Structures are given as C-alpha cells and as structure tokens.
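Using my numbering, read the sequence shown as starting at 218 and increasing by one per residue. We treat Cβ as the ideally placed atom computed from N, Cα and C, and that holds for glycine. Source: prediction; values computed, not measured.
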Amino acid sequence: MRTSLKVFTWFKIPVYIHWSFVLIFLYIFWMSSDQPMGLMDYFWQTLTIVALFACVLLHEFGHSLMARRFGVETQDIILTPIGGIARLERMPEKPKQELLVAIAGPAVNVVIAILLFLVCKFIFFAGEVEWWYFKSSVQDMLSLKTGSGDAEIILEDSGLNLPTWMFILPLLMVINITMVLFNMIPAFPMDGGRVLRALLAMRFGRVKATKWAAYLGQFAAAAFVVYGLYSNQFMLALIGFFVFNTARQEDQMVRTDSVLNNYTAKEIARTQFTKLLGNDWMQSPIELYTRTLERNFLVFDFTGQIIGYLDEKSILAAAAKKELSVSVTQYAQSPVEIVQEGESLRYIYYLITTAKKAIVGVVNAEMELVGVIDSTSLENFLQLNKS
Ligand SMILES: [Zn+2]
Numbered sequence: 218m219r220t221s222l223k224v225f226t227w228f229k230i231p232v233y234i235h236w237s238f239v240l241i242f243l244y245i246f247w248m249s250s251d252q253p254m255g256l257m258d259y260f261w262q263t264l265t266i267v268a269l270f271a272c273v274l275l276h277e278f279g280h281s282l283m284a285r286r287f288g289v290e291t292q293d294i295i296l297t298p299i300g301g302i303a304r305l306e307r308m309p310e311k312p313k314q315e316l317l318v319a320i321a322g323p324a325v326n327v328v329i330a331i332l333l334f335l336v337c338k339f340i341f342f343a344g345e346v347e348w349w350y351f352k353s354s355v356q357d358m359l360s361l362k363t364g365s366g367d368a369e370i371i372l373e374d375s376g377l378n379l380p381t382w383m384f385i386l387p388l389l390m391v392i393n394i395t396m397v398l399f400n401m402i403p404a405f406p407m408d409g410g411r412v413l414r415a416l417l418a419m420r421f422g423r424v425k426a427t428k429w430a431a432y433l434g435q436f437a438a439a440a441f442v443v444y445g446l447y448s449n450q451f452m453l454a455l456i457g458f459f460v461f462n463t464a465r466q467e468d469q470m471v472r473t474d475s476v477l478n479n480y481t482a483k484e485i486a487r488t489q490f491t492k493l494l495g496n497d498w499m500q501s502p503i504e505l506y507t508r509t510l511e512r513n514f515l516v517f518d519f520t521g522q523i524i525g526y527l528d529e530k531s532i533l534a535a536a537a538k539k540e541l542s543v544s545v546t547q548y549a550q551s552p553v554e555i556v557q558e559g560e561s562l563r564y565i566y567y568l569i570t571t572a573k574k575a576i577v578g579v580v581n582a583e584m585e586l587v588g589v590i591d592s593t594s595l596e597n598f599l600q601l602n603k604s
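Take a look at the structure:
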C-alpha cells in the first residue's frame, strides 16, 4: 500500500492516511491566500480538521469493533479526504449482524453529537445571549446559511466576543449530525443502504434484498445527480454519480456470490486439456495458444507428476522475446493449487481472482487429476449463469 501512510494501530487495526490528504491542507492555504491569516488561525483550522477526521475515524472503528464481535476482523482503516473506509475481511452475511455492523458507525456519531451538545449546553448556557447564539448558529449551519444567518446578526448586535474554540464546538456537533444524516441515505455504499438491505434480507433473502436495495439506491443517486445539476451543486451531482456506480457493483457482486456458492469445481472443470512436459520447448504452448483456445497449462514431469503451471502472460512474454526453444520450466510457476471436485466455486474464484493463480487442478476422491479450471472457464461459467 504505497499510496497511504500508516499513522498508528489502535485495537490491533492499522490506520492509514491516503496521500491525497495533503490536498486538504493545500486547499486551506489556497482558500486563505486572499485574506491574511495569523498563526493561530492556521492552528485552529488544522485542529478543526484533525477533530473532524477523528470523528470519521471513530465512526469506522464503530463498524470494525462491532464486526469483531461477530468474528470478522478488519484489515485496515484508510482515511481519505472524502471519508474513511474500514476494510472488513468480509461482510457478515446474517442480516441481523450486517444491520448491527452498518448501524454501529452512525451510532458513534450520534453519541459524539450528544456529548458535544451537553458540553455546549454547559459552556454556552452561562449567558442568555451565548445560548441564543448557539441555537441560531446550529440552525444556520443545518440550513446551510453560514455567514449570512441569524447567528451572525446576533454576534454583531450584541457585540459578543467569543473565543475561537467556541465556534468550533457547535461546528463539530453539526458535522456529526450531518454525517449521520448523510450515512443513513438508504443507498449503497452508504451505511443506510446496508441497513436497508439487511432489513429486506430478513424477509426476502440476500440476493433479492440486494437487488431491491440497489434499485432504490440507484434511484436515490439519480435524484441526487438531477437535483445537483439543477441547483448548480456539482459536488452533490458527483456524489450521486459515485453512489450510482457503487450500487450497481454491489448488486453484481452479491449475484456472483450466490452463483459461486451454489456450484462446485466438478461442474466447471475442463476435462480435455493439454499436459505440457517440463522439458518441452516454449514453442509447443505458443503453438497451442495460436491453434486452440487453451490459455493456461499445467506442467508435468516425465513420471506424470505436476511440477508447475504456465500462464497466458508467460506464453505471451516468451513469444514476444522469440524464445521458442527455451524449456517450459524456465517460464513455469509453482506451486500449483489442487482442489477437490466438491470444492465450492467461491474458493476457486478466490484462488483465481485474488490469489492470482492462473489455473487450478481438480482431483477426485482418489486424488486423480480429472480436470482444470482457469480464468476463462470461470468467466464463461459466470456469463452463462448471470441471474
Ligand atoms: Zn459508515
């Protein structure tokens, strides 16, 4: 992960910051370039941003620690300028567990908002004008009227002189409320989308629930785009576009998943395949590549033992270098993954797509090789079984 910097580990979960974070600070300097800022102003602005991302981080830890309760670990948490991502090893599939994991994040922000409210109440309630100011400024911020709202007028009329941090507390409270509202939009990838899916899944099963949640999500996202463009709020349109795509991907992923869970290696293993010998020249796989549809091969020694595999990339590389009379072992890789006929396709999908094994051998109960599966077989199978 070269694009992110590890900052610390908390609850045994490493926290990374994405490089594009620098952009936020550049943005502040750029924004403030036309009006001179003192050192203290930079200090407060930086502190506000740090506090803001602390809230985002706590939100992600909400998801991660709830997931841990169900035995799902978190690989890492990455903070990006547009929010945090907790990369869970997997999403718990039981609807009730997914519901709790999804809701734990926003719940953290609810708690933070309440705590900030209590602190504000304690501090601002000291004076009537201050409390009045606090209420108006929160109202202004929630209705996006910063700079021109009632709070500004109260400040001017009363001659109230508040220290900077007293502006930051209500701001942070409002940000946490906004995070809750934004995350509870019932569309993927927002937490609200997962809550909706989990609720639907309790009745209709996961595949159908995802389909409906994805449709609703796409509808909401399309409304965002239209409204954003109509009201000249391009950020909103951009977010809508992003949500629209993610909703589609999630739907596709769950459909693929349900197909993969329902089939085994035996059902897609290719029973006719060429056995390459280790001391064959690269000319033979290149020839096979040209004249047949085989792309990845298993490599054997003269006693019939599997010693490695040759993938499409290596064949193309050898062809490009015109290394026709080099032995296959020079290009072969090992070890070869061997699976039982009854192995679920989901595991084979993992081997081929995530672990990057080009070809997998399939054996029967007597440990005899009965077929092979490579990325082409997998793609063809998924094409045929698109639901
Ligand atoms: Zn979340």
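- Not one heavy atom of ligand 1 lies closer than 7 Å to the C-beta of Asp293.
- Uninterrupted beta strand (DSSP E) stretches at least 3 residues long and entirely within the segment 281-366 occur at 291-297 and 300-305, given in chain order.
- Annotated three-state conformation of Lys492 is strand, per DSSP.
- Counting C-beta atoms within 10 angstroms of its own C-beta, Leu601 has fewer than 16 neighbours from the protein chains shown and is therefore classed as exposed.
- Membership of Thr226 in the beta strand (DSSP E) is indicated by the continuous run Ser221 to Trp227.
- Take the alpha-carbon of Arg414 and the one of Arg423: they are about 8 Å apart.
- When the beta-carbon positions are compared, Phe458 and Val443 stay at least 8 Å from each other.
- Scanning Val267, Ile266, Asn449 and Phe405 for the CA closest to the CA of Gln435 turns up Phe405.
- Classified as exposed, Arg304 has fewer than 16 neighbouring CB atoms from the shown chains inside 10 Å of its CB.
- The closest CA to that of Ala321, considering only Glu345, Glu310, Arg307 and Gly409, is found on Gly409.
- Between the segment 467-481 and the segment 556-563 there are three or more inter-stretch CB-CB distances shorter than 8 Å, so the stretches are counted as touching.
- Pairing Lys492 with Leu510 gives a Cβ-Cβ distance that is not under 8 Å.
- Inclusion of Asn400 in the 7 Å shell around ligand 1 follows from its C-beta lying nearer than that to a non-hydrogen atom of the ligand.
- By the neighbour-count criterion, in which 16 or more other beta carbons inside 10 Å mark a residue as buried, Asn400 falls on the buried side.
- Residues Leu296, Gly300 and Gly301 of the same chain have their beta carbon placed closer than 7 Å to that of Val273, with the five preceding and five following residues left out of the count.
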